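Student: Sharing a structure with you now.
Number of protein chains: 2
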Amino acid sequence: MTSRRPSLAVVGATGAIGGVMLQILSQHADVWGEVRLIASPRAAGRKLAVRGEETEVLPLDEAVFDGVDVALFLVPEDVSARWGPVAAGRGAVVVDGSAAFRRDDDVPLVVPEVNPHAARLRPRGIIASPNCTTLSLIVAVGALHAEFGLRELIVSSYQAVSGAGREGVAALREQLSLVAGTELGTGPGDVRRAVGDGDTGPFAAPVALNVVPWAGTDAGDGWSSEELAIRDECRKILGLPGLKVSATCVYVPVVATHSMSVHARFENEVAVDRAHEILATAPGVVLFDSPAAGDFPTPSDVVGTDPTWVGRVRQSMDDPCAVEMFICGDNLRKGAALNVAQIAESVAVEFPRD
Amino acid sequence: MTSRRPSLAVVGATGAIGGVMLQILSQHADVWGEVRLIASPRAAGRKLAVRGEETEVLPLDEAVFDGVDVALFLVPEDVSARWGPVAAGRGAVVVDGSAAFRRDDDVPLVVPEVNPHAARLRPRGIIASPNCTTLSLIVAVGALHAEFGLRELIVSSYQAVSGAGREGVAALREQLSLVAGTELGTGPGDVRRAVGDGDTGPFAAPVALNVVPWAGTDAGDGWSSEELAIRDECRKILGLPGLKVSATCVYVPVVATHSMSVHARFENEVAVDRAHEILATAPGVVLFDSPAAGDFPTPSDVVGTDPTWVGRVRQSMDDPCAVEMFICGDNLRKGAALNVAQIAESVAVEFPRD
Ligand SMILES: NC(=O)c1ccc[n+]([C@@H]2O[C@H](COP(=O)([O-])OP(=O)(O)OC[C@H]3O[C@@H](n4cnc5c(N)ncnc54)[C@H](OP(=O)(O)O)[C@@H]3O)[C@@H](O)[C@H]2O)c1
Ligand SMILES: NC(=O)c1ccc[n+]([C@@H]2O[C@H](COP(=O)([O-])OP(=O)(O)OC[C@H]3O[C@@H](n4cnc5c(N)ncnc54)[C@H](OP(=O)(O)O)[C@@H]3O)[C@@H](O)[C@H]2O)c1
């Protein structure tokens, strides 16, 4: 009865992604030995349920990583940048969900369905998980790339507010209660005035009864950081440094699950029936594509599920090498917690069991 | 004091577009002589205010067009198809806002900022106004085409529910009051269950806390009618039968104003500064593009205004001949009533005044 399972630390257990991670750990209950829950000193002492047990949240410090085999970081970028190397220095394999290490050459960026082997080569003991927008795309696009050879992606996102964390969700909920039951949304700026000009939460404009074409920070030349992240990360994960990518990132009033309208151009002609076959059998993908019968993915049907859902797959009318599709993926699950958990589980099997 | 102004009939005066038309007629009060308001027998006898006067709604019949110089049709496609030729046969110039005639070779499809002269050649006495999605795009894209030579458009829409008429707005308002103040939007199908499965109004799925990637009817090969309309209409208006167009049409929970994420590829290299200059001076366009300062168009700021607003203009990183941009236009104003009014006013000046 002494099977030694690897031990796990979850840094950021109290956050939006952390909460989903606790669910996933409870569902995959036999992977890990001890599980330590960690957050800032603000949350220390709180109790959270994981695998059916109330577990106390510990404050983040160096000693908390002693004896930890794998440490998941589900915290803001600056906290990962500071503490990820500390955990790795203490011997833990770090799987980081933030942007802190994604662009580093000596940190692999891993999506288990697409480039699982990359997780083995981790000179700094750190593995990064992509941005939620990239993750919503890459499983489906990666499956098609393997057959047709991807050349160009033109992507417009319909991003859920939980992409901006707990505050994003709170802002939408608050704004919705201000606009529901009113006639707002018909006069210039009426929603902005009702919401309060300075009170748009983490968004650059009201998000209720609105869409906000700006996500992340200013990356220069008119681009947002989230748009360039999709380009950089797709190139890195697919190993295609010359891939053409144009992304436009837009928040919509949806709680969770990012959607993407994708124009994908390949080296070879795409037979749309073959694209359907590939997507129907690709791991981690659900093909849901009979639009005249109402079968296409929408965020409110996809939220809370693990796979990437793909619909509206059709051949571009003016380009035999391109397809259009509409993709939905839960940004808190595959878009964050689930991908981190999958990476961690692929590392867990490296630990000897007795 | 006998200046004879041309007389006008507004068929569909009681609808979503009709209501905006009455506002526009009141603002441009000196263009028309007599104005007759027309709807179905259901609405006959109702009084609506136009140019400060309560005016009785007349039921649609042949005689109602006697003495009418210009007849605006703001009614469902089948009603236009049946009654537009009747009005034209009685001598009225018909300006139709529906899809009934847009694809007919002998009916011009007119956007006054882009192809004003096309309105003169109308062998059947009928002029068509484009779909609201096309209209949200074409003024900005047309201005850039004149300088750089358009080759390809890849477009994803964020369409307002009023694109589906009064019923679309009613469905969103109703659904919003069901979801506001709840924790819905986090579990698969929870919004659908709250809204009631059969009760999604004119949409194929709930639109509150959701986005719906399907607009119009099944056009075959996976395309929706609205997506193919954008392709056909952009080609016709710009006179570019070989233009490549891929559109994906998606409803979002916004009351009015369609947004479009646009990748536009031109024959020639695009200097983005020059694109900015063109858009800043193009008629009917407002350039609002300083995203780091929060200046980009959003539907809730644009709604109720006349122009097409353009922001997020940036050069594609991997293609010197392409630009990305985000465009917002009020689908009930420029996207419908205003364009019809502009066409009608361009016809009004043909009538002799004494
Ligand atoms: N939301 C998404 O869709 C998404 C997708 C992919 C990746 N990510 C990334 O995942 C990370 C977490 O995102 P989230 O949405 O879960 O954010 P969140 O809801 O704001 O949660 C932040 C978490 O970080 C903890 N934290 C903050 N400062 C800390 C500190 N100084 N020391 C220790 N813990 C600290 C918080 O603990 P307290 O409770 O103590 O404040 C909380 O547990 C971010 O890097 C984000 O970019 C998010
Ligand atoms: N909504 C948009 O964004 C948009 C944009 C561009 C073009 N369009 C087109 O504009 C047209 C009107 O759209 P809408 O959104 O205003 O629709 P709506 O709100 O549903 O209004 C429909 C109008 O048509 C009238 N009507 C219906 N059946 C009739 C009949 N048999 N005889 C006479 N009148 C009849 C209705 O009168 P009652 O009150 O008597 O029923 C009402 O005035 C449609 O063809 C639509 O495709 C709409």
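So the protein sequences, as listed, match chains A and B. Heads up, the first sequence is in UniProt numbering, so the first residue is 1 and it goes up one at a time. Heads up, the second sequence is in UniProt numbering, so the first residue is 1 and it goes up one at a time. Every residue, glycine too, gets a C-beta built ideally from N, C-alpha and C. These figures come from a predicted structure and were not determined experimentally.
Considering only DSSP beta bridges, list what Q315/B is partnered with.
Tutor: DSSP lists V323/B as partners of Q315/B.
Student: Does the beta-carbon of R120/B have 16 or more other beta-carbons within 10 angstroms, so that it is buried, or is it exposed?
Tutor: Answer is exposed; the Cβ neighbour count stays below 16.
Student: Measuring only from the beta carbon, is R173/A closer than 8 angstroms to any heavy atom that is part of ligand 2?
Tutor: No, Cβ of R173/A sits at least 8 angstroms from all heavy atoms of ligand 2.
Student: At the 9 angstroms Cβ level, is P59/B part of the contact set with chain A, yes or no?
Tutor: Judged by the 9 angstroms Cβ criterion, P59/B is not in contact with chain A.
Student: Decide if the region 335 to 354 of chain B is in contact with the region 58 to 65 of chain B; the criterion is three or more beta carbon pairs, one per stretch, under 8 angstroms apart.
Tutor: No contact exists between the region 335 to 354 of chain B and the region 58 to 65 of chain B.
Student: Closer than 8 angstroms to a non-hydrogen atom of ligand 1 - does that hold for the CB of E167/A?
Tutor: Answer for E167/A: yes, Cβ within range of ligand 1.
Student: What do you reckon, is the C-beta of A9/B under 8 angstroms from a heavy atom of ligand 2?
Tutor: Not under cutoff, so the answer is no.
Student: Since L48/B is in the beta strand (DSSP E), which residue starts that stretch and which ends it?
Tutor: Where L48/B is concerned, the enclosing beta strand (DSSP E) stretches over K47 to V50.
Student: Which value, in whole angstroms, describes the spacing of the CA atoms of P291/B and L135/B?
Tutor: The straight-line gap from Cα to Cα measures roughly 24 angstroms.
Student: Going by the C-beta, is R42/B closer than 8 angstroms to any heavy atom of ligand 2?
Tutor: The answer is yes for R42/B.
Student: Would you decide whether H263/B is buried or exposed? Buried here means 16 or more other CB atoms lie within 10 Å of its CB.
Tutor: So H263/B counts as buried.
Student: Could you check whether P213/B and R314/A sit closer than 9 angstroms to each other, using their CB atoms as the reference points?
Tutor: No. Outside cutoff.
Student: Across which residues does DSSP place P59/A in a beta bridge pair?
Tutor: DSSP, once it has assigned bridges, lists A39/A as partnering P59/A.
Student: What residues from chain C crowd round M21/B, counting only those whose CB sits closer than 9 angstroms?
Tutor: Of the protein chains in the structure, A and B, none is chain C.
Student: Using the beta-carbon of each residue, which ones in chain A are nearer than 9 angstroms to K244/B?
Tutor: Per Cβ cutoff of 9 angstroms: S316, M317, D318 and D319.
Student: Could you tell me which whole beta strand (DSSP E) segments of length 3 or greater appear in the region 212 to 260 of chain A?
Tutor: Taking only runs of at least 3 residues, the beta strand (DSSP E) segments lying wholly in the region 212 to 260 of chain A are 244 to 248.
Student: Would you call the region 187 to 200 of chain B in contact with the region 215 to 222 of chain A, where contact means no fewer than 3 C-beta pairs closer than 8 angstroms?
Tutor: No, the region 187 to 200 of chain B does not touch the region 215 to 222 of chain A.
Student: How is W83/A classed by DSSP in three states: helix, strand or coil?
Tutor: DSSP places W83/A in helix when its eight states are reduced to three.
Student: Going along the chain, which unbroken runs of the alpha helix (DSSP H) with 4 or more residues stay wholly within the region 133 to 212 of chain A?
Tutor: Fully enclosed alpha helix (DSSP H) runs of 4 or longer: 165 to 179 and 190 to 195.
Student: If you reduce the DSSP assignment to three classes, tell me which class R265/B lands in.
Tutor: Three-state DSSP puts R265/B in a strand.
Student: So what's T14/B in DSSP terms, helix, strand or just coil?
Tutor: The answer is coil: DSSP assigns T14/B none of H, G, I, E or B.
Student: Confirm the yes/no value for this check: CB of S129/B, any heavy atom of ligand 2, distance under 8 angstroms.
Tutor: Correct: S129/B has its Cβ closer than 8 angstroms to ligand 2.
Student: Going by alpha carbons, who is nearest to R166/B out of A16/B, S177/B and M317/B?
Tutor: Among A16/B, S177/B and M317/B, the Cα nearest to that of R166/B is on A16/B.
Student: Which residues share a DSSP beta bridge with residue 355/A?
Tutor: The question about residue 355/A has no answer, for chain A in this structure spans 1 to 354.
Student: Would a C-beta distance cut-off of 9 angstroms place G185/B and S177/A closer than the cut-off?
Tutor: No, the pair does not count as a contact, with Cβ atoms beyond the cut-off.
Student: Mind listing the chain B neighbours of G304/A? Cutoff is C-beta to C-beta under 7 angstroms, in chain order.
Tutor: In chain order: T186, G187 and P188.
Student: State yes or no: is the C-beta of V139/B within less than 9 angstroms of the C-beta of V114/B?
Tutor: Yes. Within cutoff.
Student: Find the nearest neighbour of S275/A within the set V10/A, A9/A and A143/A, judged by alpha-carbon distance.
Tutor: The question names Ser, yet the displayed sequence has Ala at residue 275/A. Checked all of V10/A, A9/A and A143/A; the closest Cα to A275/A is A143/A.
Student: Hey, is the region 196 to 210 of chain B in contact with the region 292 to 309 of chain B, meaning 3+ C-beta pairs nearer than 8 angstroms?
Tutor: Not touching, per the Cβ criterion.
Student: Compute the Euclidean distance between the alpha carbons of M1/A and E267/A, then round it to the nearest angstrom.
Tutor: With a pLDDT of only 39 at M1/A, under 50, the local geometry of the prediction cannot be trusted, and no value is derived from it.
Student: Run through chain B and tell me which residues come within less than 7 angstroms of F326/A, C-beta to C-beta.
Tutor: Within 7 angstroms Cβ-Cβ: P213 and T248.
Student: In chain order, what residues of the same chain have a beta carbon less than 8 angstroms from the beta carbon of G149/A, not counting five sequence neighbours either side?
Tutor: These residues qualify, in order along the chain: F266, E267 and N268.
Student: I'd like to know whether the C-beta of I154/B is nearer than 9 angstroms to at least one C-beta of chain A.
Tutor: Closer than 9 angstroms: yes.
Student: State buried or exposed for D106/A, treating a residue as buried only when at least 16 other CB atoms are found within 10 Å of its CB.
Tutor: Result: exposed.
Student: Of all the residues that make up the region 249 to 282 of chain B, which are near chain A by a beta-carbon distance shorter than 8 angstroms?
Tutor: If the cut-off is 8 angstroms between Cβ atoms, the region 249 to 282 of chain B has V250, V252, P253, V254, V255, A256, S259, S261, H263 and V272 near chain A.
Student: Taking a Cβ distance cut-off of 9 angstroms, strictly less, list which residues of the region 62 to 75 of chain B are near chain A, in chain order.
Tutor: Hits within the stretch: zero.
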